[in-house]
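Protein chains in written order, with the working numbering: chain A, 1 to 114; chain B, 1 to 179.
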């Protein structure tokens with residue numbers, strides 16, 4: 001598009017950037033922006049800690065149900081659980097809890113994206 | 001460096017440009033301030049744990065969404081029943097022309113600027129929305145094409161098209177004697 005002695009698009013863009021960068025905001029606006037930033041930064045981590053905690057009761061309930069189930073099985077004459085059984089059940093239970101946390105995180109992430 | 005410290009550093013480097021981008025889009029300093037503040041809070045609360053390299057496109061995507069929300073509210077307030085937003089438009093109609101009285105930059109702000117900057121800012125503010133976004137994100141914010149596409153929620157090809165048109169339009173409007 002540029003020809004002859006016209007400056008190139010690249011030169012035009014560099015000049016535009018320099019002009020935009022040279023301007024500064026009024027002090028009161030800068031102060032308001034700084035205050036807004038501080039409020040935003042102060043809120044970091046709040047929902048990160050809060051969101052998973054909402055699923056802790058679900059995990060606790062699942063653990064309780066598992067324990068009750070194992071107790072009933074033993075009481076009915078079934079073979080006593082091995083240490084490995086308990087360990088595997090616990091790991092599966094933790095996986096379930098982590099999945100629930102992940103789904104919750106996905107849910108909040110998608111809500112914001114939408 | 002902690003997440004909060006890193007986020008503080010990132011936002012400190014971008015906040016003034018973000019404010020001016022918002023003001024170009026909404027023509028009101030207070031509204032622009034609210035938009036930037038909301039975008040900062042959203043980034044901090046929901047995306048602070050994301051990798052730092054993802055913050056720029058995320059932040060400007062949030063900012064863009066808030067600007068779109070502003071135009072949507074303004075459109076409804078003005079009694080236009082057909083609701084449309086800048087992000088839904090693919091033509092070159094400038095939403096600012098639809099929601100403002102034609103003053104791209106506030107008068108009191110104008111007086112602080114020299115003629116060179118006035119002309120550029122006026123031309124940038126008058127660009128169609130997506131051209132303005134592509135131009136400012138690429139030139140001023142320094143985002144590459146891919147990051148700009150993520151921020152604008154469009155293809156990289158669209159970014160290149162909007163950017164090219166923006167440069168062409170600005171050069172036409174400003175003329176060869178600028179600056």
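Every residue gets a Cβ at the ideal spot worked out from N, C-alpha and C, and that includes glycine.
Annotation: Cβ neighbours of residue 171 of chain B in chain A (cutoff 7 Å, chain order): 12.
Not one beta carbon of chain B lies nearer than 8 Å to the beta carbon of residue 8 of chain A. In this structure the region 129–144 of chain B does not touch the region 34–47 of chain B; the number of beta carbon pairs closer than 8 Å is below three. Close to residue 15 of chain B, with beta-carbon spacing below 9 Å, are these residues of chain A in chain order: 30, 33, 34, 36 and 37. With respect to the 8 Å criterion, residue 59 of chain B and residue 26 of chain B are not classified as neighbours on the basis of their beta carbons. Under the three-state reduction of DSSP output, residue 158 of chain B falls in the helix class. Residue 56 of chain B has a beta carbon lying at 8 Å or more from every beta carbon in chain A. Rounded to whole angstroms, the separation of the alpha carbons of residue 72 of chain B and residue 139 of chain B is 27 Å. Contact annotation: in the region 116–136 of chain B, residues whose CB is within less than 7 Å of a CB in chain A are 116, 117 and 120. Judged by DSSP secondary structure, residue 37 of chain B falls within the alpha helix (DSSP H) whose first and last residues are 29–47.
Residues of the same chain with a CB within less than 6 Å of the CB of residue 162 of chain B, apart from the 5 flanking positions on each side, are 130, 131 and 134 in chain order. For residue 40 of chain A against residue 11 of chain B, the beta-carbon gap comes to about 7 Å, under 8 Å, which counts as contact. Between the alpha carbons of residue 145 of chain B and residue 155 of chain B lies a distance of about 9 Å. If you draw a 10 Å sphere on the C-beta of residue 128 of chain B, you find 16 or more other C-beta atoms in it, and that means buried.
Residue burial is scored here from C-beta neighbours: residue 8 of chain A has fewer than 16 other C-beta atoms within 10 angstroms and is therefore classed as exposed. Interface flag for residue 41 of chain B against chain A is set, since a Cβ pair is found closer than 8 Å.
Secondary structure note for residue 55 of chain B: its alpha helix (DSSP H) is the uninterrupted segment 55–77. Per DSSP, the continuous alpha helix (DSSP H) segment holding residue 131 of chain B begins and ends at 129–135.
Residue 36 of chain A is a Cβ neighbour of residue 40 of chain B, given a cutoff of 8 Å. Against chain A, the CB of residue 33 of chain B has a partner CB under 8 Å away; the residue lies at that interface. When the alpha-carbon of residue 44 of chain B is set against those of B:118, B:176, B:142 and B:5, the nearest one is in B:5. In the structure shown, residue 143 of chain B adopts coil according to DSSP, grouped into three states. Annotated three-state conformation of residue 37 of chain A is helix, per DSSP. With its beta carbon at least 8 Å from every one in chain A, residue 146 of chain B lies outside the interface. Using a Cβ distance threshold of 8 Å, residue 24 of chain B and residue 125 of chain B count as a contacting pair. Contact between residue 141 of chain B and residue 17 of chain B is confirmed by a C-beta separation of about 6 Å, below the 8 Å threshold.
For residue 11 of chain B, the C-beta contacts it makes with chain A under 8 Å involve 37, 40 and 41, in order along the chain. Within its own chain, no residue has a Cβ closer than 8 Å to the Cβ of residue 32 of chain A once the five positions on either side in sequence are excluded. Proximity of chain A to residue 37 of chain B at the Cβ level (cut-off 7 Å) is accounted for by 36, in chain order.
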